[in-house]
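Student: Protein chains in written order, with my numbering: chain A, 250 to 654; chain B, 250 to 654.
2 protein chains.
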Amino acid sequence: MDINNIIHGNCIEKLNDIDDNSVDLIYFDPPFFTQRKHTLTNKDNSKTFAFDDKYNSIEEYLSMIERVIEQSKRILKNTGSVFLHCDKTASHHIRLVLDRVLGRDNFQSEIIWTYKRWSNAKKGLLNAHQVIFFYSKTQDFKFNTLYTDYSATTNLDQILQDRERNANGKSVYKRDEYGNTVLGKEKRGVPLSDVWEIPYLNPKARERTGYPTQKPVVLLTQLINIATDEGDLVLDPFCGSGTTCVAAKYLQRKYIGIDISGDAVELAKMRLEEMIISESNLLNKGVNEYYEKTEKELALLQNINAFPVQRNSGIDGFLKEHFGGAPVPIKIQKEDETLEDAIKKLEKSSHGKNYIMKILIQTKETNVSRLFRLETDVTILKSLELQTKELANKNNKLRAAKVLQ
Amino acid sequence: MDINNIIHGNCIEKLNDIDDNSVDLIYFDPPFFTQRKHTLTNKDNSKTFAFDDKYNSIEEYLSMIERVIEQSKRILKNTGSVFLHCDKTASHHIRLVLDRVLGRDNFQSEIIWTYKRWSNAKKGLLNAHQVIFFYSKTQDFKFNTLYTDYSATTNLDQILQDRERNANGKSVYKRDEYGNTVLGKEKRGVPLSDVWEIPYLNPKARERTGYPTQKPVVLLTQLINIATDEGDLVLDPFCGSGTTCVAAKYLQRKYIGIDISGDAVELAKMRLEEMIISESNLLNKGVNEYYEKTEKELALLQNINAFPVQRNSGIDGFLKEHFGGAPVPIKIQKEDETLEDAIKKLEKSSHGKNYIMKILIQTKETNVSRLFRLETDVTILKSLELQTKELANKNNKLRAAKVLQ
DNA sequence: ACCGTCCCTGAATCATTGG
DNA sequence: TCCAATGATTCAGGGACGG
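So this is what it looks like as structure tokens:
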């Protein structure tokens, strides 16, 4: 069969053309049994893509899935793996099929892909994850451990220490004859876990094709990295817009994509030529880069029932309750800001918005002129810490005066 | 059946004693079908707790689960919900049982509890999540939406704006006649999603060495908060060390716990009786903070550079810096306290101590007489929240006056 | 009662613009 | 050339409503 190509047709038939024991990784992302038809239009409204996810019964759906899994088992190398992407709708049924066909012992992980999404009016919890079942063909599966950074709260000193078991079998830090802790071998970071927080494909991302249910390339590169090496063969029997193949090509793996829709095949082929992959700032920098509030500032905002705003030099938060029908912006004076600067920044950020009340929390003693204060409609409240400090100063003066008497 | 108690026995028998349609929330956390006996020893090695998770077959295990779910359905009110906590080992089998007994339409969410943990040497991905299936008894289930903070990357300025449809039917931001954006309605934050990142260890208790099977209290308080109101009845048929009951008691819900192990029942009873003391002896000291001080009070104390004090009705904390060589006690006025009461309590707790300065943080509007204030040497500072509230009132009056003119 | 269709929602984040 | 600020666009959505 053609390597590095997208094949048009029903995967159950087309998989017959693939040799036994020839594929290293199969990722598939079948319809989720939503019992809906999914339609989406590309950016310039020139093309509408659709696929049908309606079945007469769950049995009909599962029998389709089962046939694909059976074929997958046949064509997979002994070191190969299957990744089946689904959501909560039918995941339990699907996993039973996987257990039956591939064997319960070959179940490796239930990967949770989690993302933030715009909310809706649903009663209940907002859906924010999908599931990827990871099964190997045998116990001798290929696996590359990826490492992630230690979390900010980890005590690095501590994890660098070696451990041993004490008399009770508890794991304790190893100590030398002088009672000092012993440093262990070099650490490479935290092994990748089974919960993957990867941003949902953004409405504005250039990577977006207009094909419904398109997955981010980053999700696929991670899968491909853990289960294959360069030159290995990756297969996607429901390739849709071709994300899997794009990721495989990017990572210098061979690929085969199959899809029943001619539109999808055409789109996937085009994507493979263009290879547009959006850089995710969020993933590159990590979410912590975006958090710029100190614990103290967050505590202060919580205190006055405000939610925090990140990355805005003029506004640190908004009160949860409106005033006069408008939001109330809050700014907290920074350590290196004069009161005057702080007021100016808040005013600039509020310009053109019809805020009725704006609040600045003063955190430092100041000698701003009374005149200047009157020219602004920013209300200044003194932080409790400042009030405490001023109080202490005043009391000190009183005590000093007493001593003089 | 006894309300607010822990019952010793097999839950399948004991559930018979509970009336039909009487329970608001059932959380259960059965053995995960690990086919192992779990043994854990507490910190000072004085006591070993064990439970058996070995079954002859998955069918035997599932039939046990099914009987509990059937009973659950019977005793649940029509507005009630079931939360079943399990892990990937048998989750798919368990969900089939849930679908069968409670009905597929009553499936609400697959909640993912994710946490960071120590790495191990296992080939493959590090497990970092467990699953909680959320089913309601009917479509008319009780649900309180909780709100979380906006993502750090969210442009809050923008989403506060109102929107409308333009000529092409596209949704665009609304502007007034001068081209300024129009502010929309009040925002409450982002509805809680189905992925919950909650550390195994309470973040305020990093020093804690651990008690692995125990669930974090925050996990349980969150479940109880979304599905019940104060005074509602919470049941845990596999209550173990009693975390569910502790959380229920903390949130002023009624509770029933059942466990087959005498040791567990004893432990749970002790935790409930002396919630704070047992917590600190058995687990850690940091959890104290969680129980006695509300988050808001902790934030406020942090705000003025004070550390919290537990179990003293007159003093909530002390400033980290002394004044005049003496500590400075802080009290925060409680929701149900008059300013006068608060002052008296603080004075009583400070009696005989040579505090030079005592600070009361006023949190509610009051009409205490000026005279009374002068008789005390307690300094009263107004919380920022109160200042904001007073400011809003004042501005409202000004606006009202303007309208009259 | 059940389906399809229409209409509403709302926060996330990358691309673009601005300095 | 880089960083910061701004806003466009969405919908493995969800509910209401009418035939």
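Ideal Cβ placement from N, Cα and C applies to all residues, glycine included.
Please tell me whether P440 of chain B has its Cβ less than 7 Å away from any Cβ of chain A.
Tutor: Yes, because at least one Cβ of chain A sits closer than 7 Å to the Cβ of P440 of chain B.
Student: List the residues of chain B that S368 of chain A touches, going by C-beta distances under 8 Å, in chain order.
Tutor: Going along chain B in sequence order, the residues near S368 of chain A (Cβ under 8 Å) are V439, P440.
Student: Could one say the Cβ of T615 of chain B lies closer than 7 Å to chain A's Cβ atoms, at least one of them?
Tutor: Judged by the 7 Å Cβ criterion, T615 of chain B is not in contact with chain A.
Student: To the nearest angstrom, report how far apart L500 of chain B and I579 of chain B are at their CA atoms.
Tutor: For L500 of chain B and I579 of chain B, the distance between alpha carbons rounds to 26 Å.
Student: Which same chain residues end up closer than 8 Å to F556 of chain A when comparing Cβ atoms and leaving out the 5 residues on each side of it in sequence?
Tutor: Taken in chain order, the residues that qualify are L550, G566, F567, K569.
Student: On the DSSP bridge assignment, give the partners of W367 of chain B in chain order.
Tutor: None, per the DSSP bridge assignment.
Student: Return yes when the C-beta of I475 of chain B is under 6 Å from any heavy atom of the ligand ZN, and no when it is not.
Tutor: By its list of ligands, the structure shown contains no ligand whatsoever, and the ligand ZN lies outside what it can speak to.
Student: Mapping DSSP to helix, strand and coil, what is Q379 of chain A?
Tutor: Of the three classes helix, strand and coil, the one that applies to Q379 of chain A here is strand, per DSSP.
Student: Find out if the Cβ-Cβ distance for the pair Y304 of chain A, D485 of chain A is shorter than 7 Å.
Tutor: Cβ distance not < 7 Å, so Y304 of chain A and D485 of chain A don't count as in contact.
Student: Can you tell me the Cα-Cα spacing of T403 of chain B and I592 of chain B, whole angstroms?
Tutor: Roughly 43 Å separates the two Cα atoms.
Student: Can you round the beta-carbon distance between S368 of chain B and P448 of chain A to whole angstroms, since I take them to be within the 8 Å contact cut?
Tutor: About 25 Å; that fails the 8 Å criterion.
Student: Can you list the residues of chain B that N552 of chain A reaches, using a CB-CB cut of under 8 Å?
Tutor: Per Cβ cutoff of 8 Å: K545, A548, L549, N552, S632, L633, E634.
Student: Does the pairing of the region 535-547 of chain A with the region 376-388 of chain B give three or more beta-carbon distances under 8 Å?
Tutor: With a cut-off of 8 Å, the region 376-388 of chain B and the region 535-547 of chain A do not count as touching, because too few Cβ pairs lie within range.
Student: Give the DSSP bridge partners of I610 of chain B, in chain order.
Tutor: Answer is B:I581, B:L630, bridged to I610 of chain B.
Student: Grab me the residues of L469 of chain A's own chain with a C-beta within less than 8 Å of its C-beta, minus the 5 sequence neighbours each way, in chain order.
Tutor: Only Y276, T492, T493, V495, A496, A497 meet the Cβ criterion.
Student: Inspect the CB distances between the region 263-276 of chain B and the region 631-651 of chain B and report whether three or more fall short of 8 Å.
Tutor: Verdict: no, contact absent.
Student: Just to make sure I have the definition right: I need the residues of chain B whose C-beta is within less than 7 Å of the C-beta of D443 of chain A. Which are they?
Tutor: The answer, in chain order, is L374, L375, N376, A377, H378.
Student: Could you pull out every residue in the same chain whose Cβ sits closer than 7 Å to the Cβ of V272 of chain B, ignoring the five residues on either side in sequence?
Tutor: If we look at V272 of chain B and ignore the five residues flanking it on each side, its Cβ neighbours are I324, L325, K326, G329, L482, L484.
Student: Kindly indicate the opening and closing residues of the alpha helix (DSSP H) around S599 of chain A.
Tutor: Note, S599 of chain A: alpha helix (DSSP H), 588-599.
Student: Do you know how far the Cα of E262 of chain B is from the Cα of I475 of chain B?
Tutor: Answer to the nearest angstrom: the Cα atoms are 29 Å apart.
Student: Is H378 of chain A closer than 7 Å to I361 of chain B when the C-beta atoms are compared?
Tutor: Their beta carbons are under 7 Å apart, which means I361 of chain B touches H378 of chain A by this criterion.
Student: Contact check, E596 of chain A vs T628 of chain A under 8 Å by CB: the rounded distance?
Tutor: In fact, because the Cβ distance is near 12 Å, the residues do not count as touching under 8 Å.
Student: Got a sec, what are the start and stop residues for the beta strand (DSSP E) G329 of chain B sits in?
Tutor: That run of the beta strand (DSSP E) goes 325-335.
Student: Measure the alpha-carbon distance for D585 of chain A versus K613 of chain A and round it to whole angstroms.
Tutor: Looking at the two C-alpha atoms, the distance is approximately 10 Å.
Student: Taking CB distances under 7 Å as the criterion, tell me whether F281 of chain B reaches chain A.
Tutor: So, not an interface residue.
Student: Going by the beta-carbon positions, is the gap between P197 of chain A and D302 of chain A smaller than 7 Å?
Tutor: Residue 197 of chain A lies beyond the residue range present for chain A, which begins at 250 and ends at 654; the question has no answer from this structure.
Student: Less than 7 Å between the C-beta atoms of D443 of chain B and S358 of chain B, yes or no?
Tutor: Going by C-beta atoms, D443 of chain B is nearer than 7 Å to S358 of chain B.
Student: From T338 of chain B to M524 of chain A, what does the alpha carbon distance come to, in whole angstroms?
Tutor: Straight-line Cα distance between these residues: approximately 39 Å.
Student: In whole angstroms, what is the alpha-carbon distance linking C335 of chain A and L345 of chain A?
Tutor: Roughly 13 Å separates the two Cα atoms.
Student: Name the residue from B:D425, B:T397, B:Q410 whose alpha carbon lies nearest to the alpha carbon of A575 of chain A.
Tutor: That would be B:Q410, whose Cα lies nearest to the Cα of A575 of chain A.
Student: Closer than 7 Å, CB to CB, is E515 of chain B near chain A or not?
Tutor: E515 of chain B does not count as touching chain A.
Student: Please look up how many angstroms separate the CB atoms of I473 of chain A and N254 of chain A, rounded, as I've assumed it's under 8 Å.
Tutor: Not a contact, Cβ separation roughly 18 Å.
Student: By Cβ distance, which residues of its chain are closer than 6 Å to S321 of chain A, with the 5 residues on each side in sequence left out?
Tutor: Here the set comprises I275, V331.
Student: Can you list the residues of chain B that A575 of chain A reaches, using a CB-CB cut of under 8 Å?
Tutor: The contacting residues are L432.
Student: Rounded to whole angstroms, what is the Cα-Cα separation between I307 of chain A and L347 of chain B?
Tutor: Approximately 17 Å, taken between the alpha carbons.
Student: Could you compute how far the alpha carbon of H342 of chain B sits from the alpha carbon of H341 of chain A?
Tutor: Those two C-alpha atoms are separated by around 7 Å.
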